[in-house]
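So the structure is just underneath, and the comments pick up after that.
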Amino acid sequence: MQNRVVMLIDFDYFFAQCEELRNPSIRDKPVVVGVYSGRTEDSGAVSTSNYVARKFGVKSGMPLFQAKRKLEGSDAVFLPVDHVYYDQISSRIMHILRSYSSSLEQVSVDEAYLDVTEQVLGSFEKTREYALKMKVEVKSKVGISFSVGVGPNKLVAKIACDSQKPDGLTIVKPEEAKSFFSPLPVDQLLGVGKKTSLKMDSLGIKTIGDLASHDVQKLIGIWGKTLGLYFHNSANAIDNSSVQEQGEAESISRIGTLKQDSHDLAFILQKTDELTKDVAKDVSEKKWSFRQISVYFVLTNLTSKSRSATLEQPAKDEETIRKNVKDLLEKFLNETRLDVRRVGVKVSGFSREEKKQQQLTSFFQNN
Ligand code: TTP
Ligand code: CA
0 MQNRVVMLID
10 FDYFFAQCEE
20 LRNPSIRDKP
30 VVVGVYSGRT
40 EDSGAVSTSN
50 YVARKFGVKS
60 GMPLFQAKRK
70 LEGSDAVFLP
80 VDHVYYDQIS
90 SRIMHILRSY
100 SSSLEQVSVD
110 EAYLDVTEQV
120 LGSFEKTREY
130 ALKMKVEVKS
140 KVGISFSVGV
150 GPNKLVAKIA
160 CDSQKPDGLT
170 IVKPEEAKSF
180 FSPLPVDQLL
190 GVGKKTSLKM
200 DSLGIKTIGD
210 LASHDVQKLI
220 GIWGKTLGLY
230 FHNSANAIDN
240 SSVQEQGEAE
250 SISRIGTLKQ
260 DSHDLAFILQ
270 KTDELTKDVA
280 KDVSEKKWSF
290 RQISVYFVLT
300 NLTSKSRSAT
310 LEQPAKDEET
320 IRKNVKDLLE
330 KFLNETRLDV
340 RRVGVKVSGF
350 SREEKKQQQL
360 TSFFQNN
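Numbering-wise (numbering that gives the first Met the number 0), the sequence shown opens with residue 0 and increments by one.
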């Protein structure tokens with residue numbers, strides 16, 4: 000697929016911004032979030048800080064006592080990390096971002112790559128408006144700001160994003176990628192650490208541009224084929240890796256408690272129909288197809304049971320779920336005399352191939 004449009008989204012000063020969100024009164028003060036090791040009051044390290052604190056020279060990884068010293072005399076606020084809270088905020092944002100892309104690859108709690116080629120019809124002109132729309136939705140629904148980098152691949156998107164923070168939006172078109180990279184220090188490339196950049200420096204390679212024009216055979220001679228080629232391609236803004244959904248949901252399900260324990264098909268169906276509707280909504284948002292439908296029961300005696308059906312062809316519609324759930328439920332009620340207390344609906348067996356095919360098809364339709 001030519002001319003991909005890939006975004007990297009990176010939430011601004013994430014842990015500290017989450018803290019500002021739940022306590023807006025600290026917003027204009029230096030905010031430092033840290034891991035307290037507990038040995039003495041100040042022992043531990045800074046996880047992150049807001050931009051007010053950064054102006055005082057506070058950095059991630061710095062010992063807390065040092066950050067305290069830098070912030071002496073200010074009205075700085077020091078807080079311990081609360082991962083559960085940050086994870087919750089993160090999943091709410093990721094959920095919204097998912098609706099803006101064909102595939103989303105979450106790389107950390109505050110970073111995700113999005114392939115939006117289809118959504119912007121392969122056009123870089125359309126991405127600014129599209130990215131701004133995402134920013135506005137996340138800001139109004141969750142209250143968090145983020146920076147966006149857009150490029151023809153993940154590598155360019157990442158470096159674009161890093162170039163302007165916070166609340167940044169940097170778009171690098173395919174034809175601009177090489178000149179955008181050229182003046183940057185070579186250690187901006189993933190995989191070029193301290194040791195490698197020293198070695199490159201000794202070869203006269205200081206910028207990404209220097210690396211791009213260095214003889215690839217010489218690079219291979221020093222770093223071997225894989226790494227040598229990787230450096231050469233990266234410096235030339237080439238990256239063919241795709242945006243891969245990680246840890247894709249194995250299933251989509253909903254469970255609910257009946258208003259009263261029951262053995263009545265029509266009564267239980269009211270509940271399962273509600274649950275089916277929600278499951279089907281999730282499925283259609285993700286544009287996935289499923290092959291398996293299951294119903295889960297918790298009975299009056301609190302034991303649980305489940306029943307499943309496997310479809311001959313993958314399906315994606317609500318009606319198929321509804322019909323299968325009804326059959327499974329009916330059969331189950333015939334087999335047991337106990338009343339049902341809770342009931343769940345689940346679909347699984349998603350096909351990735353089907354998903355890729357769909358993307359490809361709509362890509363061709365749009366082009
Ligand atoms: P980053 O994205 O590196 O930093 P950030 O979100 O705080 O700031 P910005 O993106 O605006 O530059 O890291 C994401 C979170 O990971 C960060 O909020 C806290 C955590 N973190 C640590 O706990 N220790 C660290 O050394 C770093 C770099 C980050
Ligand atoms: Ca961040």
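By construction, the Cβ of each residue, glycine as well, lies at the ideal position given by its N, Cα and C atoms. Predicted, not measured: the structure shown is a model, and the values here were computed from it.
What are the residues that DSSP puts in a beta bridge with Phe77?
DSSP output for Phe77 lists Val31 as bridge partner(s).
Check the C-beta distance from Arg340 over to Pro151 and give it rounded, since I have them as a contact under 8 Å.
About 54 Å separates the two Cβ atoms, so there is no contact after all.
- Message: Residues around ligand 2, please: the condition is that the C-beta lies closer than 7 Å to some non-hydrogen atom of it.
- Response: Cβ-based neighbours of ligand 2 within the cut-off: Asp9, Phe10, Asp11, Tyr12, Phe13, Asp109, Glu110.
Find the nearest neighbour of Leu63 within the set Ile92, Val32, Gln87, judged by alpha-carbon distance. The residue with the shortest Cα to Cα distance from Leu63 is Val32.
Notebook entry, point to check: If Val80 sits next to Ser46, beta carbons under 8 Å apart, how far is it from one beta carbon to the other, in whole angstroms?
Noted result: About 5 Å; that satisfies the 8 Å criterion.
- Message: Is it buried or exposed, Glu249, if we count other Cβ atoms within 10 angstroms and call 16 or more buried?
- Response: It is exposed - the Cβ of Glu249 has fewer than 16 other Cβ atoms within 10 Å.
inquiry  = Determine whether the beta carbon atoms of Glu254 and Ser261 lie at a separation below 8 Å.
reply    = The sequence given here places Ile at residue 254; Glu does not occur at that position. For the pair Ile254 and Ser261, the CB atoms are not nearer than the 8 Å cut-off.
Exercise for the section: Could you have a look at Glu124 and say whether DSSP puts it in helix, strand or coil? Expected result: In the displayed model, Glu124 falls within coil according to three-state DSSP, outside both helix and strand.
- Answer with buried or exposed for Lys198, where buried requires no fewer than 16 other C-beta atoms within 10 angstroms of its C-beta. Per the 10 Å Cβ criterion, exposed.
Taking the beta strand (DSSP E) that Phe296 falls in, what are its first and last residues?
Its beta strand (DSSP E) spans residues 289–298.
Using only CA atoms, which one of Ser350, Gln16, Ser305 lies nearest to Thr335? It is Ser305 whose Cα lies nearest to the Cα of Thr335.
Original post:
Is the beta carbon of Pro23 within less than 7 Å of some heavy atom of ligand 1?
Top reply: Exclusion of Pro23 from the 7 Å shell around ligand 1 follows from its C-beta lying no nearer than that to any non-hydrogen atom of the ligand.
Which residues DSSP lists as bridging Ile251, in chain order: The partner list for Ile251 (beta bridge, DSSP) reads Val346.
**Asked** How long is the line joining the alpha carbons of Val135 and Asp86, rounded to whole angstroms?
**Response** If you take the alpha carbons of Val135 and Asp86, they lie about 21 Å apart.
Can you give me the C-alpha to C-alpha distance between Ser233 and Leu154, rounded to a whole angstrom? Cα to Cα, Ser233 sits roughly 7 Å from Leu154.
Between the CA atoms of Val119 and Glu353 - distance to the nearest angstrom: The predicted position of Glu353 is uncertain, since its pLDDT is 44 and thus under 50; a value taken from the coordinates is nonetheless stated next. In a straight line, the C-alpha of Glu353 is about 22 Å away from that of Val119.
Query - Residue nearest to Val191 in terms of C-alpha spacing, selected from Thr206, Ile292, Val297, Phe179 - result: The shortest Cα separation from Val191 among Thr206, Ile292, Val297, Phe179 belongs to Thr206.
- request: Would you grab the beta carbon distance between Val106 and Thr126 for me? Rounded to a whole angstrom, and I think it's under 8 Å.
  value: The Cβ separation is near 20 Å, so there is no contact.
- To the nearest angstrom, report how far apart Val278 and Val324 are at their CA atoms. So the alpha carbons of these two residues sit roughly 12 Å apart.
Can you list, in chain order, the residues of its chain whose CB lies under 6 Å from that of Gln312, leaving out five sequence neighbours each side?
Cβ-Cβ distances below 6 Å link Gln312 to nothing in the same chain once the five nearest sequence neighbours on each side are left out.
> According to DSSP, what are the bridge partners of Asp9?
Replying inline: Answer by DSSP bridge pairing, in chain order: Glu110, Ser146.
- Are Arg348 and Arg290 close, meaning C-beta to C-beta below 8 Å? Before going on, a small fix: residue 348 reads as Gly here, not Arg. Gly348 places its beta carbon less than 8 Å from that of Arg290.
Alpha-carbon spacing of Ala159 relative to Ile204, whole angstroms
Taking the straight line joining both Cα atoms gives about 21 Å.
Closer than 7 Å to a non-hydrogen atom of ligand 1 - does that hold for the CB of Thr299? Not one heavy atom of ligand 1 lies closer than 7 Å to the C-beta of Thr299.
- Please classify Leu131: is it buried, with 16 or more other beta-carbons within 10 angstroms of its beta-carbon, or exposed? Counting the other CB atoms within 10 Å of its CB gives Leu131 a total below 16, which places it among the exposed residues.
> Can you tell me whether Ile221 is buried or exposed, with buried defined as 16 or more other CB within 10 angstroms of its CB?
Replying inline: Ile221 is exposed by the Cβ-count criterion.
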